[in-house]
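Accompanying notes for the structure given below.
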């Protein structure tokens, strides 16, 4: 009986999903994309000083080994032979920066972290020296701000014009990306300086650290990254797909410490230890790119939105780099093979999505659990003219208005907590439409539908509202683990593995839940235009002399937009 079950399953592919708060290992059936088993381990964040966020690279590595071992044990209990696992993919938190010693294999400093996914969009108020704090209303999301002064110093000596960095990388000069974190380590950590001087140092994002370690570490470990992770360092030329000599000189980064840049789907090396020793690691994607692949957004103009604390929107722009006039990022979407073409994406984000639900729970107390909001909204089925603009720390793309603050308007004697709950869900949808409208203006490709994932997509009212407000269908996969799935697909499709077909006819079997617009286009436009009126009312609340900011002028940074 066990043998027949194994025969039916066919080749399996594993995926390491290494996030900011946890590590997971998941195993999929390459023929059906079915998730067979997984294991998750929480990991700690360290806050050595205010505004500093770090993680232990060795803890992250150990968590990967633990997840692999535990998942293999679970597969054994299901009578699934782990020898059927033919490849492993890696998906990782982007931008988190690691420097380690290639002789000893030891990290030279903790990993300097990036925001909780999907937090790169989450606004940060950068106040004068010594008092950097996360922006109001974003307490559950953090961002390491130690590089603020590094960015300020670099911005004063940008060569030529202010577009020097963005024209090569698609990114603004910002505290968020790896180059300035690496520059800070080189300036402030003697162990890092000494290792660089003695040619012992290696740099990488989390994917590089994991692949190097898993493929042997000091005993021949492969020092590499993929194009999607490289494109988030601010050192990578997204046109030539190579480390950029001018950028490395500008940031003062020695090129010999950088990993080799590979495609997102090829055999990098073999596992050298653990239950899956000998299995090739053959897929690597930054988390948002992995979700784009897992959602099978392979056509130009296809987009996915991940709903979490904030939202991440990526739109496939094909082989063309589209640069935004509305504060969106240009990034590498994927390159699924050494000889395959590169695809690019526009990336935008909504700062406050799930965070507004937590605000209703923790600050106003009108719900006890986040799940309760769907029940409240369902009771009324309308906001009854109430609009909620959650501009807790200013408005971001496409407005870029730091003087704005959150408002709830359109209240009447009839308004109750159910209407406010409904308005909060609508706010997430209106903000998503504003980003998608900006994407449409930038790339001229109107969306035919939006593919969605993330924790909030279990809220059916939210999904229906999103379809109504966008006036296009919203499509949700029945299997929610799209990020890990994308990494597994890249690994299974790699040359030399070949157990996962990415041909369109083979991908159509994935089950989707579809939400069609249920209101007419005119009503959709009226609601959207009223939202825009509410947004205008939220502006101009904070001035440089307001009690909130005293004599100091707040400088608002968001990694997706920075005017130097």
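Residue numbers (the UniProt record's numbering): 1 to 564.
Glycine included, C-beta positions come from ideal geometry on N, C-alpha and C.
Predicted model, so just to flag it, every value in this text is computed and none were measured.
Measure the C-alpha to C-alpha separation of residue i and residue j and round it to an integer number of angstroms.
i           : j           : result
residue 264 : residue 491 : 8 Å
residue 487 : residue 494 : 11 Å
residue 433 : residue 470 : 6 Å
residue 168 : residue 237 : 5 Å
residue 223 : residue 349 : 31 Å
residue 407 : residue 266 : 50 Å
residue 551 : residue 541 : In this prediction, residue 551 has a pLDDT of 35, which is less than 50 and means its spatial position is unreliable; nothing more can be read from the coordinates.
residue 533 : residue 404 : 13 Å
residue 100 : residue 172 : 27 Å
residue 467 : residue 529 : 16 Å
residue 339 : residue 261 : 14 Å
residue 112 : residue 87  : 29 Å
residue 159 : residue 166 : 12 Å
residue 519 : residue 461 : 14 Å
residue 358 : residue 384 : 22 Å
residue 186 : residue 24  : 31 Å
residue 43  : residue 22  : 5 Å
residue 319 : residue 45  : 37 Å
residue 221 : residue 33  : 30 Å
residue 412 : residue 386 : 8 Å
residue 164 : residue 247 : 9 Å
residue 415 : residue 522 : 24 Å
residue 104 : residue 213 : 11 Å
residue 76  : residue 284 : 26 Å
residue 302 : residue 448 : 8 Å
residue 198 : residue 256 : 12 Å
residue 498 : residue 280 : 12 Å
residue 130 : residue 268 : Confidence is the limiting factor: at residue 130 the pLDDT is only 31, short of 50, which leaves the residue's position unreliable, though a coordinate-based value still follows. Cα to Cα, residue 130 sits roughly 43 Å from residue 268.
residue 195 : residue 152 : 27 Å
residue 400 : residue 459 : 29 Å
residue 149 : residue 524 : 45 Å
Using beta-carbon positions only, say whether residue i and residue j come within less than 7 Å of one another.
i           : j           : result
residue 40  : residue 92  : no
residue 321 : residue 343 : no
residue 305 : residue 450 : yes
residue 512 : residue 477 : yes
residue 241 : residue 227 : yes
residue 229 : residue 244 : no
residue 388 : residue 427 : yes
residue 98  : residue 57  : yes
residue 258 : residue 192 : no
residue 391 : residue 538 : yes
residue 317 : residue 170 : no
residue 37  : residue 70  : no
residue 410 : residue 402 : no
For residue i, collect the residues of the same chain with a Cβ closer than 7 Å to its Cβ; drop the 5 residues on either side in sequence, then sort them by chain order.
i           : result
residue 481 : 26, 35
residue 117 : Legend: pLDDT at residue 117 = 34, less than 50; position of this residue unreliable, value from coordinates given subsequently. Cβ within range, chain order: 19, 20, 93, 287, 308.
residue 29  : 9, 10, 12, 36
residue 483 : 17, 91, 287, 290, 291, 294
residue 527 : 469
residue 147 : 175, 180, 181, 184
residue 1   : Here the model assigns residue 1 a pLDDT of 40, short of 50, so the residue's position is not dependable, and the following value carries that caveat. Cβ neighbours of residue 1 beyond the five flanking positions: none.
residue 379 : 418
With residue i and residue j assumed to form a contact (beta carbons below 8 Å), what rounded beta-carbon distance in angstroms separates them?
i           : j           : result
residue 10  : residue 31  : 5 Å
residue 270 : residue 61  : Contact flag wrong, Cβ pair sits at about 17 Å.
residue 429 : residue 376 : No, residue 429 and residue 376 are not in contact; Cβ-Cβ is about 16 Å, not under 8 Å.
residue 253 : residue 310 : With a Cβ gap of about 29 Å, residue 253 and residue 310 do not count as contacting.
residue 289 : residue 333 : 6 Å
residue 489 : residue 294 : 7 Å
residue 202 : residue 272 : That pair is no contact at about 17 Å.
residue 453 : residue 275 : The Cβ separation is near 29 Å, so there is no contact.
residue 13  : residue 500 : 6 Å
residue 282 : residue 444 : The Cβ separation is near 36 Å, so there is no contact.
residue 485 : residue 336 : Contact doesn't hold; Cβ gap of about 14 Å is too wide.
residue 565 : residue 204 : Shown here, the chain extends from 1 to 564; a query on residue 565 therefore has no answer.
Ignore the nearest five residues each way along the sequence and tell me which others in residue i's own chain have a CB closer than 8 Å to its CB.
i           : result
residue 360 : 366, 367, 373, 420, 421, 424
residue 328 : 346, 347, 348, 397, 435, 438, 439, 442, 560
residue 154 : 173, 180, 183, 250, 251
residue 299 : 316
residue 7   : Unreliable positioning characterises residue 7 in this predicted model, as indicated by a pLDDT of 40, which lies under 50. A coordinate reading is not provided.
Is residue i near the ligand FMN, going by C-beta to nearest heavy atom under 6 Å?
i           : result
residue 482 : Ligands are entirely absent from the displayed structure, and the ligand FMN is therefore not among its contents.
Near residue i, what residues of its chain come up, given a Cβ to Cβ distance below 6 Å and the 5 sequence neighbours on each side ignored?
i           : result
residue 515 : 463, 464, 467, 474
residue 234 : 169, 171, 177, 179
residue 296 : 507
residue 446 : 440
Any 3 or more C-beta pairs closer than 8 Å across the segment 171–191 and the segment 79–87: Put simply, the segment 171–191 does not touch the segment 79–87. Fewer than three CB pairs are less than 8 Å apart.
Contact the segment 42–57 vs the segment 65–72: 3+ CB pairs below 8 Å: Touching, no.
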